[in-house]
Amino acid sequence: MSSSEPSPLSGAESPLGADPQHGPEAGAQSEALSGGDPQGRARRPGRRLLGRKPKQPRLEVDDVLVVKGSKVRTAIGGTVVGNIMEWFDFGVYGYMTLMLSELFFHTGSKSLDTILTLLGFAVSFLVRPFGGLVLGPLGDKIGRQKVLFFTMAMMAIATALIGVLPTHAQIGVWAAFLLYALKLVQGFSTGGEYAGATTYVSEYAPDKKRGFYASMLDVGSYFGFALGAGSVALTHLITSSVWGPDAMLAWGWRVPFLIAIPLGAVAIWFRARIPETPAFEATEAEQEAEAETSHEDVSSLHARKGPVGIIRYHWRELLIAVAIVAATNTAGYALTSYMPTYLGTQFGYNEMTSAATTIPALLILCAMIPLAGKASDRFGRRAVYFTGSATAVVLMLPAFWLMHQSSFLEIQVAMVIVALPVAMFIGPSAAALPALFPTAARYGAMGIAYNISVSLFGGTTPMISQQLINWTGNSYMPALWIMFFGLVAGIAVIFMRESAKRPLLGSFPSVESEEEARDLVAHQDENPLLNTSEMPIVVDPELEAEIEAAMDVPGAGLPSDADAQLEDEDRDGSGASGADRVGAGS
Numbered sequence: 030m031s032s033s034e035p036s037p038l039s040g041a042e043s044p045l046g047a048d049p050q051h052g053p054e055a056g057a058q059s060e061a062l063s064g065g066d067p068q069g070r071a072r073r074p075g076r077r078l079l080g081r082k083p084k085q086p087r088l089e090v091d092d093v094l095v096v097k098g099s100k101v102r103t104a105i106g107g108t109v110v111g112n113i114m115e116w117f118d119f120g121v122y123g124y125m126t127l128m129l130s131e132l133f134f135h136t137g138s139k140s141l142d143t144i145l146t147l148l149g150f151a152v153s154f155l156v157r158p159f160g161g162l163v164l165g166p167l168g169d170k171i172g173r174q175k176v177l178f179f180t181m182a183m184m185a186i187a188t189a190l191i192g193v194l195p196t197h198a199q200i201g202v203w204a205a206f207l208l209y210a211l212k213l214v215q216g217f218s219t220g221g222e223y224a225g226a227t228t229y230v231s232e233y234a235p236d237k238k239r240g241f242y243a244s245m246l247d248v249g250s251y252f253g254f255a256l257g258a259g260s261v262a263l264t265h266l267i268t269s270s271v272w273g274p275d276a277m278l279a280w281g282w283r284v285p286f287l288i289a290i291p292l293g294a295v296a297i298w299f300r301a302r303i304p305e306t307p308a309f310e311a312t313e314a315e316q317e318a319e320a321e322t323s324h325e326d327v328s329s330l331h332a333r334k335g336p337v338g339i340i341r342y343h344w345r346e347l348l349i350a351v352a353i354v355a356a357t358n359t360a361g362y363a364l365t366s367y368m369p370t371y372l373g374t375q376f377g378y379n380e381m382t383s384a385a386t387t388i389p390a391l392l393i394l395c396a397m398i399p400l401a402g403k404a405s406d407r408f409g410r411r412a413v414y415f416t417g418s419a420t421a422v423v424l425m426l427p428a429f430w431l432m433h434q435s436s437f438l439e440i441q442v443a444m445v446i447v448a449l450p451v452a453m454f455i456g457p458s459a460a461a462l463p464a465l466f467p468t469a470a471r472y473g474a475m476g477i478a479y480n481i482s483v484s485l486f487g488g489t490t491p492m493i494s495q496q497l498i499n500w501t502g503n504s505y506m507p508a509l510w511i512m513f514f515g516l517v518a519g520i521a522v523i524f525m526r527e528s529a530k531r532p533l534l535g536s537f538p539s540v541e542s543e544e545e546a547r548d549l550v551a552h553q554d555e556n557p558l559l560n561t562s563e564m565p566i567v568v569d570p571e572l573e574a575e576i577e578a579a580m581d582v583p584g585a586g587l588p589s590d591a592d593a594q595l596e597d598e599d600r601d602g603s604g605a606s607g608a609d610r611v612g613a614g615s
């Protein structure tokens, strides 16, 4: 493990390690038994020395990941900048929808031009599942950091290229196709972006504070959106003041997209310097150990799986994640990407006024998200999700009614009300959703669940909401759309496993200090939040057979009464160590 990564407790020794009592011979025997593995984790015999079969493997101090706060902040910072970049583009595109419809579509119908521009937003989401199917399993295979670097580079390049596209006036209908093509590139890259970012942050954060730390990822998302909206408003203000009211439509619209060049360069620099997660490396070592001793069982919790295997073995968790992501993003994209269009078509607001109306709500949302994440650490992910579901069902219609009072202040208050369920859904999600899946399949599973749901329900929210209004003439249809998915998510959460304060499925516990690691191991038998059978503690079957043969002990192990006695001695520390027993047997 490199020095740049959080390391296990450095002072801990393997149970068969050399010590002053046993000298170098015991240490050499320990190294032989561990297969020469310097980490001593993936192939240690642990407590199964005499053929005994304990109900659960024993957690040891050197298994626990000690993650210092400074390293967590560095890892999260490097991930957050990518989300800022991703959502910066969403903000720019969303707040310039009406202007882009004039630049790239000339159908003769203003409403159809608007729908076609929103379709450009939707197509980027429709391709996201393909990005998730490719980039997710790739991240489980080669590592989270490498894939996150690639997705960031693709996103920044595609966003900047939109800023240099020719318009319909210059090349006709081909302008629209080029716009769609770049949105497809963005969609493919973001198919691996959020799934990878949430996986990365959740694996780096300590168990007791995972909700709070992981929520910072989505703070970056909505801050990026506010930054995009602000850049549109500021560009509109400057160009119209200095060069006249037509300057924004003539060339000023390109400026916010081109800002992606310096933003992207900074984000790529940060991404290139974040380390790999310790959870991924621990699972990778376990997989290598299993591959050396036996054929890998694809149904195993720690087995690496492709898309088919993920769907086969984790379909229940996938459905839960899809429902929660649908509720999160229908409300989230209604507040962000669709609201400028809604305010423009319903109340005649231009880009600058729409941005000024919604930016305060987005900043308040950025403040509420970490509070919701912290609440999920204290009260549980499910409790916060239930609150989000209830507020989505109860508050949406009053919020949209308040918007229709047409007062600037009342619209801002309505935005904050819409932001409340968004915060309740978003706050725990970056911690709760990755925790549904084991480490070996987490990136791939998140890529499938998140991107399918966002593509079908989130990214299409602006287009579907506007089309529902066009069909029905009812301007409250977006509220009903949000309420429906809020109810669906509430039902899904009933079947969700609580993950607050627990180790990630398929990972070792993660703590903030060495003292906490020792205390966790000392009290593991009384801790209901620990399940060591889900952790990558591997006992090499061949190694165990060698130990039994060397000690001339039958495979059936000791009699039950002797076995129980030795297990009690192990727990209170009065029994012989593993090295003692091996030495006595030989």
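Position one of the sequence shown corresponds to residue 30 (the working numbering), numbered consecutively onward. Glycine included, each C-beta is placed from N, C-alpha and C at the ideal position. Remember, predicted model here, so these are calculated numbers, not experimental data.
- F524 has its alpha-carbon roughly 23 Å from the corresponding atom of K238.
- Take A187, set aside five residues on each side of it, and the residues of its chain with a beta-carbon closer than 6 Å to its own are L211, V214, Q215, in chain order.
- In this structure Y362 is not in contact with A518, their Cβ atoms being roughly 15 Å apart against a cut-off of 8 Å.
- Excluding sequence positions up to five before and after L394, its CB lies within less than 7 Å of the CB of Y251, A448, V451, A452, all in the same chain and listed in chain order.
- For N480, same chain residues with a beta-carbon under 6 Å away, outside a window of 5 residues either side, are R157, P158, G161, G220 in chain order.
- Taking C-beta separations shorter than 6 Å and ignoring five residues to either side along the sequence, the partners of T180 in its chain run S218, G221, E222, following chain order.
- Of the candidates W510, G456, F513, A185, A185 places its Cα closest to the Cα of W298.
- If you draw a straight line from the Cα of Y124 to the Cα of V540, it comes to about 42 Å.
- A check of alpha carbon separations from G249 across H552, R283, Y472, D118 identifies D118 as the nearest.
- Your pair L558 and R531 checks out as a contact, with CB atoms roughly 5 Å apart and the cut at 8 Å.
- In this structure the segment 431 to 438 does not lie against the segment 475 to 491, because fewer than three pairs of beta carbons, one per stretch, are closer than 8 Å.
- The beta carbon of S542 is closer than 8 Å to those of V95 in its chain, skipping five residues each way along the sequence.
- Rounded to whole angstroms, the Cβ separation of S231 and A546 is 19 Å, and the two are not in contact under 8 Å.
- Within the same chain, G402, S405, D406, P457, A460 come within 6 Å of G240 by CB-CB distance, once the 5 residues on both sides are set aside.
- In the displayed model, V156 falls within coil according to three-state DSSP, outside both helix and strand.
- For I288, there is no enclosing alpha helix (DSSP H), as DSSP gives it neither H nor E.
- Residues L424, P427, A428, L431 of the same chain have their beta carbon placed closer than 8 Å to that of I446, with the five preceding and five following residues left out of the count.
- Straight through space, the alpha carbons of P195 and S270 are spaced by roughly 25 Å.
- A distance below 8 Å between beta-carbons, with the five flanking residues on each side excluded, links A151 to the following residues of its chain, in chain order: G488, T489, P491, M492.
- Assignment of V230 by DSSP, reduced to helix, strand and coil, places it in the helix class.
- One alpha carbon belongs to V442, the other to L391, and they sit about 12 Å apart.
- S504 and Y367 have their C-alpha atoms roughly 13 Å apart.
- Residue D247 holds the alpha-carbon nearest to the alpha-carbon of L400 among D548, D247, Y233, H265.
- Taking a C-beta distance under 8 Å as the contact criterion, F286 and A204 do not qualify as a contact pair.
- Cβ-Cβ distances below 6 Å link T136 to D142 in the same chain, with the five nearest sequence neighbours on each side left out; the list follows chain order.
- In this structure, the straight-line span from the alpha carbon of A355 to that of F514 is close to 6 Å.
- Looking at the DSSP output, V540 shares a beta bridge with V95.
- Taking 8 Å as the cut-off, the Cβ atoms of L497 and I353 do not count as close.
- Looking at L266, N358, L190, the one whose alpha-carbon comes closest to that of I288 is L190.
- For R471, the three-state secondary structure derived from DSSP is helix.
- Here M114 is not near G273, since their CB atoms are 8 Å or more apart.
- Taking 8 Å as the upper bound for CB-CB distance, T126 and L148 are not in contact here, some 11 Å apart.
- By alpha-carbon distance to V193, the top candidate from G201, L207, I144, A262 is L207.
- Put simply, of L177, T357, Q495, L372 the residue whose alpha carbon is nearest the alpha carbon of A521 is T357.
- Within its own chain, the residues whose Cβ lies closer than 8 Å to the Cβ of G409, once the five positions on either side in sequence are excluded, are E527, A529, listed in chain order.
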